[in-house]
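*Asks:* Numbering (this note's numbering), first residue to last: 18 to 411. Yeah, the Cβ is synthetic: ideal placement off N, Cα and C, and Gly gets one too. Supplied in structure tokens, the structure appears directly below.
See the structure below:
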């Protein structure tokens, strides 16, 4: 089978890019022809086993009417002659319409950007429970500023609204939409995508052959932005015994990182917190192996939360806020604990419970490892993905 993957970026920019690279290499290893079309190339200049094409302008919300862009798309599709086109973070309705007319096309919906102008379904501590519509336009100033920077320019807001609406309508014509969690499926149904076109296909991770004994500190893995909740984890750490340490893996905007540093100083946590910075995905294994548990304090509605299944694959229990797709992979009281979103004291209670009982932490980690091997398995994922590809080509 010939498969064309289409995404805004390529490389290791984020979770979507890692996923696209993973499945592309897996498909290659199974004898399929894979190519990738992106708008912006990777910054690490690495070599790819598959052909990478670049066309600037294919991922934007505002439709590109540039004849050169459409001609370039036509050349790529003619050259690669795909049996199926799998789009990811592509927002141009015109580009999606081109693919629809060219070949059987589906999309993996990795996040909220298909149906939320802010791309988060969340702002300033408030989760949004509404589908895309006129409410988003009315909220373009307060409280959500739904159209971000465009909110200060009414004529652009109106144009963005129309473009966004057209993108949703065009995506409703796709053969299939894939999602990683039940939460994301609910969001799509709320935005009037049909149940028949939505397929639940959770992410996967590999389970190591052996696991190491639990370590001696808590671990946070994620981008350092307010939505990921690292500041609340620091608040929780200040309420835990002084022997509790925390390693933070990830980077983010300087203003938020500076706020975290100031918070550490104010809470007298300097000797208990270590920033490891951003690391390559392949380096995360060592961090999971060295910790005793992973805390997942996201306060925005997580589309999935792949850090969770990675932690569980290494036999580490997880304590998380109840948000978005977290419950798809975290079994309350079995592989860790789920506490109300933003409830720092509840987070402290469950973390302390695991710190006080290494036997319980180990048992939960073992259950999590077994669950990941069964439900978030690479082979199962790839087999199901290929079944879907063949089905829409049928």
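When the distance is taken between beta carbons, is residue 56 closer than 8 Å to residue 76?
*Replies:* The answer is yes: Cβ separation under 8 Å.
*Asks:* Let me make sure I understand the geometry here. Which of 276, 239, 101, 233 has the alpha-carbon closest to that of residue 260?
*Replies:* The residue with the shortest Cα to Cα distance from residue 260 is 233.
*Asks:* Assuming residue 266 and residue 311 make a contact with CB atoms under 8 Å, what is their CB distance in whole Å?
*Replies:* With 8 Å as the limit, residue 266 and residue 311 do not qualify as a contact, their Cβ atoms being about 10 Å apart.
*Asks:* Sort 65, 103, 131, 125 by Cα distance to residue 119 and report the nearest one.
*Replies:* Residue 103 is the option with its Cα nearest to residue 119.
*Asks:* Could you check whether residue 240 and residue 269 sit closer than 8 Å to each other, using their CB atoms as the reference points?
*Replies:* Yes.
*Asks:* Please classify residue 153: is it buried, with 16 or more other beta-carbons within 10 angstroms of its beta-carbon, or exposed?
*Replies:* By the 10 Å Cβ count, residue 153 comes out buried.
*Asks:* Go to residue 316, then tell me how far its alpha helix (DSSP H) extends in each direction, as first and last residue.
*Replies:* No alpha helix (DSSP H) contains residue 316, which DSSP labels as neither H nor E.
*Asks:* Per DSSP, which residues does residue 208 bridge with? Please list them.
*Replies:* BP columns for residue 208 are empty, so no partner.
*Asks:* From this set, 69, 112, 98, which residue's C-alpha is nearest residue 83's C-alpha?
*Replies:* Of 69, 112, 98, the residue nearest in Cα terms is 112.
*Asks:* Would you report the Cα separation of residue 146 and residue 321, rounded to the nearest angstrom?
*Replies:* Rounded to the nearest angstrom, the two C-alpha atoms are 17 Å apart.
*Asks:* Rounded to whole angstroms, what's the CA-CA distance from residue 116 to residue 276? Just pull it up for me.
*Replies:* Going by the C-alpha atoms only, they are around 44 Å apart.
*Asks:* Where do the N-terminal and C-terminal ends of the beta strand (DSSP E) with residue 418 fall, by residue?
*Replies:* The displayed coordinates of the chain run from 18 to 411. Any statement about residue 418 would go beyond what the structure contains.
*Asks:* In three-state DSSP terms, what is residue 122?
*Replies:* Residue 122 falls in the strand class under three-state DSSP.
*Asks:* What residue range is occupied by the uninterrupted alpha helix (DSSP H) comprising residue 88?
*Replies:* 84-97 is the span of the alpha helix (DSSP H), which, as asked, contains residue 88.
*Asks:* Taking only heavy atoms of the ligand GDP into account, decide whether any of them is closer than 7 Å to the Cβ of residue 116.
*Replies:* Inclusion of the ligand GDP in the displayed structure is not the case, the ligand content being empty and no account of it being possible.
*Asks:* Where does residue 22 land, buried or exposed, given buried means 16+ other C-beta within 10 angstroms?
*Replies:* So residue 22 ends up on the buried side.
*Asks:* Would you call the segment 393-401 in contact with the segment 245-253, where contact means no fewer than 3 C-beta pairs closer than 8 Å?
*Replies:* Counting Cβ pairs under 8 Å, fewer than three are found: no touch.
*Asks:* Do you know offhand how far residue 126's Cα is from residue 317's?
*Replies:* If I take the Cα positions, the gap works out to 17 Å.
*Asks:* Distance check for residue 201 and residue 149, CA to CA, integer angstroms please.
*Replies:* The straight-line gap from Cα to Cα measures roughly 14 Å.
*Asks:* Starting from residue 337, follow the beta strand (DSSP E) in both directions and report where the run begins and ends.
*Replies:* First-last of the beta strand (DSSP E) with residue 337: 335-338.
*Asks:* Looking at the structure shown, is residue 32 part of a helix, part of a strand, or coil, going by DSSP?
*Replies:* Correct three-state label for residue 32: helix.
*Asks:* Going by C-alpha distance, which of 366, 329, 228 is nearest residue 391?
*Replies:* Taking only the C-alpha atoms, the option nearest residue 391 is 329.
*Asks:* Going by Cα to Cα distance, which pick from 87, 86, 25, 136 is closest to residue 69?
*Replies:* Nearest of 87, 86, 25, 136 to residue 69, Cα basis: 25.
*Asks:* Would you kindly check if the distance between the Cβ of residue 19 and the Cβ of residue 98 is under 8 Å?
*Replies:* Cβ atoms of residue 98 and residue 19: closer than 8 Å.
*Asks:* Whole angstroms is fine: what's the gap from residue 219's alpha carbon to residue 204's?
*Replies:* Distance between the alpha carbons of residue 219 and residue 204 is about 15 Å.
*Asks:* Rank 296, 282, 144 by C-alpha distance to the C-alpha of residue 315 and give the top, closest one.
*Replies:* If we check each option's Cα against that of residue 315, 144 comes out closest.
*Asks:* Use the C-beta contact count for residue 91: other C-beta atoms within 10 angstroms, 16 or more gives buried, fewer gives exposed.
*Replies:* By the neighbour-count rule (16 or more Cβ atoms within 10 Å), residue 91 is not buried but exposed.
*Asks:* Classify residue 351: buried if its beta carbon has 16 or more other beta carbons within 10 angstroms, exposed otherwise.
*Replies:* Result: exposed.
*Asks:* Tell me the DSSP secondary structure of residue 349 in three-state form.
*Replies:* Residue 349: strand per DSSP, three-state reduction.
*Asks:* Please determine if the segment 376-389 and the segment 186-200 are in contact, where contact requires at least 3 C-beta pairs separated by less than 8 Å.
*Replies:* Too few Cβ pairs lie closer than 8 Å, so no.
*Asks:* Measuring alpha carbon to alpha carbon, tell me which of 242, 110, 213 ends up nearest residue 405.
*Replies:* The residue with the shortest Cα to Cα distance from residue 405 is 213.
*Asks:* Quick one: does residue 367 have its CB under 8 Å from some CB of chain D?
*Replies:* Note that chain D does not occur in the displayed structure, where there is just one protein chain.
*Asks:* Using alpha carbons as the reference points, say which of 131, 271, 228, 251 lies closest to residue 186.
*Replies:* The shortest Cα separation from residue 186 among 131, 271, 228, 251 belongs to 131.
*Asks:* Sorted by chain position, which residues of the same chain lie with C-beta nearer than 6 Å to residue 178's C-beta, five sequence neighbours on each side aside?
*Replies:* Closer than 6 Å at Cβ, skipping near neighbours: 154.
*Asks:* Buried or exposed, going by whether 16 or more other CB atoms sit within 10 Å of the CB of residue 278?
*Replies:* So residue 278 ends up on the exposed side.
*Asks:* Name, in chain order, the residues that DSSP records as bridge partners for residue 71.
*Replies:* DSSP lists 55 as partners of residue 71.
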